[in-house]
Amino acid sequence: MKKLIGAVLFGACVLTANAQDEILRLKMLTRVDYQREYINGEAIHDNSGFKGKYLMFAIDGKIDEHFSYAYRQRLNVGHSDMSFFDATDWARVVYTPDGQWEFSAGKDVVAVGGYEYDKNPVDVYAASEYWNNISPFQLAATVSYTTPGRHSKFIAQCSQSIYRSNAPDMYSYNLMWIGNHGCLGTMYSANLVEYMPGKYISYLALGHKLTLGKLCIEADFMNRASSGHTFLFKDCSIMAELAYRPIEKLNLLGKVTYDVNHTGKDADYSVYDGTELTSVGGGVEFYPRDNIRLHAMYAHTFGTNGNPEGTMKPGRDYMSVGLTWNVNLLSLKNPWKKDDN
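Counted the way mature numbering (1 follows the signal peptide of the UniProt record, and there is no 0) counts, the sequence shown spans residues -19 to -1, 1 to 322.
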């Protein structure tokens, strides 16, 4: 562990020394929980007790006026012998010729709409069955355009499939719109995702975020349909979260998720056929400092799950109390950069 941290710090110094821009940032994000899980009242000891949930290192900065980079590594996720990228969330280079167009390549987030999907995993306490069964970080090439008023961003992306574990040579084709219109934010996408070689499932994902003073409401809808079919509402997920911050240091949360698949088709590997599952939960966050967060939450799940190995099991009670901290380890200026004056 000491050798790994030392290597990260040394690499950061080298990158900073060679960069033409002024600054590089290195952050560490950690979350530790004490949790309890019960299925129909029976304790699940393998998923109970103290858990190191997340340990992430993130580096980002600029190479010059037009090129930037971003890298995030999870140290709590095991990786296979074949690829260290299995535990890498993103490692991308971005070219920005002006203030509107961006071209990026590397490992990235697959462009799928919705605010639950978009959250940093460290900020998710209870999630939908869909969220628990996907691999959102894949190698990708992305082009984006931001409108002059910066109210809309349009994204076109070709990436590896989020179902790549089924077969390595599969892809996803993604179109996305991110909107920012005052109190209303939107994250919409249309996706064509290869789930088996030559077979595709389409997504229509509609994410909405409404901010009214101390109240924030997020509501997502995702419809999925396999090739050659139009399944409206037969295979879909709905996620809704309400957050109320009565004071700056306190945040009250409530969340509902609903996953259903009654298509009779074995095409959706995130929400299996025969599933109709609801989860209801709530919790509280407290911030003693800006970079330290305490949380407590509870969620109950009921219904049926067509996936016997699914995370969200009927009759599941899940409780979590935990601590998250976000530390800025480095923020360095290039000592060799000369002023233009």
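A virtual CB, placed ideally from N, CA and C, is assigned to each residue, including glycine.
These figures come from a predicted structure and were not determined experimentally.
*Boundaries (first-last residue) of the beta strand (DSSP E) holding ASN309*: 297 to 314
*What did DSSP end up calling ASP67 once you bin it into helix, strand or coil?*
helix
_Residue environment, PHE31, which counts as buried when at least 16 other CB atoms sit within 10 Å_ = exposed
*asked:* Helix, strand or coil for ASP2? Go by DSSP, reduced to three states.
replied: The predicted model places ASP2 with a pLDDT of 47, which falls under 50 and marks its position as unreliable; any figure quoted below should be read in that light. ASP2 falls in the coil class under three-state DSSP.
*Between the C-alpha atoms of SER312 and VAL75, what's the straight-line distance to the nearest angstrom?*
20 Å
*Residue of ASP249, LEU223, LEU156 and TRP71 minimising C-alpha distance to LYS180*: ASP249
*asked:* Between LEU56, ASN114 and PHE48, which has its C-alpha nearest PHE84's C-alpha?
replied: PHE48
*Reducing DSSP to helix, strand and coil, say where GLU222 ends up.*
strand
_To the nearest angstrom, how far is the alpha carbon of HIS162 from that of VAL124?_
22 Å
*Verify whether the separation of the beta carbon atoms of ASP41 and LEU10 is less than 9 Å.*
no
*Measure the alpha-carbon distance for residue 324 versus GLU18 and round it to whole angstroms.*
A question about residue 324 goes unanswered here, because the residues of the chain that appear run from -19 up to 322.
*Nearest CA to the CA of SER133: which residue from THR167, SER116, GLY264 and PRO178?*
THR167
*Can you tell me whether ILE273 is buried or exposed, with buried defined as 16 or more other CB within 10 angstroms of its CB?*
exposed
*Of the choices ALA206, ASP201, GLY87 and GLY33, whose alpha-carbon is the least far from that of ASN242?*
ALA206
*asked:* Using only the alpha-carbon positions, how far apart do GLY130 and GLY255 sit?
replied: 45 Å
*beta strand (DSSP E) segment containing GLU175, residue limits*: 165 to 177
*Less than 8 Å between the CB atoms is what I'm expecting for ASP201 and MET220, so what's the real figure, rounded?*
4 Å
*Report the partner residues of ASN242 according to the DSSP bridge assignment.*
ASP216 and THR256
*So the alpha helix (DSSP H) ASN113 belongs to, where does it begin and stop?*
110 to 113
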